[in-house]
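Undergrad: Pasting a structure below so you can have a look.
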Amino acid sequence: MTSIAETIDVADINDIAAYFSSQKRKAGSHENVGASAGRRLYMQGIKRKGVDACADCHGDNGMGNIFAQYPLIAGQHSDYIVTTLKRFRSGKRNNDLSNIMQDIAEKLSDEEITLLASYIMNLK
Numbered sequence: 001m002t003s004i005a006e007t008i009d010v011a012d013i014n015d016i017a018a019y020f021s022s023q024k025r026k027a028g029s030h031e032n033v034g035a036s037a038g039r040r041l042y043m044q045g046i047k048r049k050g051v052d053a054c055a056d057c058h059g060d061n062g063m064g065n066i067f068a069q070y071p072l073i074a075g076q077h078s079d080y081i082v083t084t085l086k087r088f089r090s091g092k093r094n095n096d097l098s099n100i101m102q103d104i105a106e107k108l109s110d111e112e113i114t115l116l117a118s119y120i121m122n123l124k
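For the sequence shown, the working numbering begins at 1 and goes up steadily by one.
Below is the structure:
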């Protein structure tokens, strides 16, 4: 994204932001396998592993928290969520200044990441 963003004229940024913010989000269209397990992980976390609930920061509906700068994740494509969590887990992504996401992702299995991604994709 950086190489693309660098080519955008500063004057166009507000127009681009307005366009994307006006788009209606769509929930995922694939079957939400493991919906109850994904929901439980998202809403409750995994206490025995020290994993806080995603909802604690991103909200019950995945809309984020603008004041705390936690992003909106509802409706995000599951492949993106899987890739992002795995990159946090491996340390390849480290743009979280407080290391919250790295700490959480390090404790998640591939199966747990997949369940979360499927649930998040279907949030509205």
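The beta-carbon is built from N, C-alpha and C at its ideal position, and this holds for glycine as well.
Quantities reported herein were computed from a predicted structural model and do not represent experimental measurements.
#1: Let me know if Met43 comes out buried or exposed under the rule of 16 or more other beta-carbons within 10 Å of its beta-carbon.
#2: Looking at C-beta atoms only, is the number of pairs between the region 89–103 and the region 14–26 that lie closer than 8 Å three or more?
#3: Could you round the C-beta distance between Val51 and Lys107 to whole angstroms and report it? I think they count as a contact, below 8 Å.
#4: I need the DSSP call for Ile16, collapsed to helix, strand or coil.
#5: Taking all protein chains shown into account, do 16 or more other C-beta atoms lie within 10 angstroms of the C-beta of Leu80, making it buried, or fewer, making it exposed?
#6: Going by DSSP, what residue range makes up the alpha helix (DSSP H) through Gln44?
#7: Classify Ile81 as helix, strand or coil using the three-state DSSP reduction.
#8: Within the continuous alpha helix (DSSP H) that includes Leu116, where are the two ends?
#9: Less than 8 Å between C-beta atoms, sequence neighbours within five positions excluded: which residues of the same chain meet that for Ile13?
#10: Decide if Ile4 is buried, meaning its Cβ has at least 16 other Cβ atoms within 10 Å, or exposed.
#11: Sort out for me which residues DSSP pairs Val51 with in a bridge.
#12: Can you list, in chain order, the residues of its chain whose CB lies under 7 Å from that of Ala55, leaving out five sequence neighbours each side?
TA: Reading from the atomic positions:
#1: exposed
#2: Counting Cβ pairs under 8 Å, fewer than three are found: no touch.
#3: 5 Å
#4: helix
#5: According to the sequence shown, residue 80 is Tyr rather than Leu. Flag for Tyr80 reads exposed.
#6: 35–44
#7: Helix at Ile81.
#8: Element bounds for Leu116: 110–121.
#9: none
#10: Exposed, because fewer than 16 other Cβ atoms sit within 10 Å of the Cβ of Ile4.
#11: Ile46
#12: Tyr42, Met43
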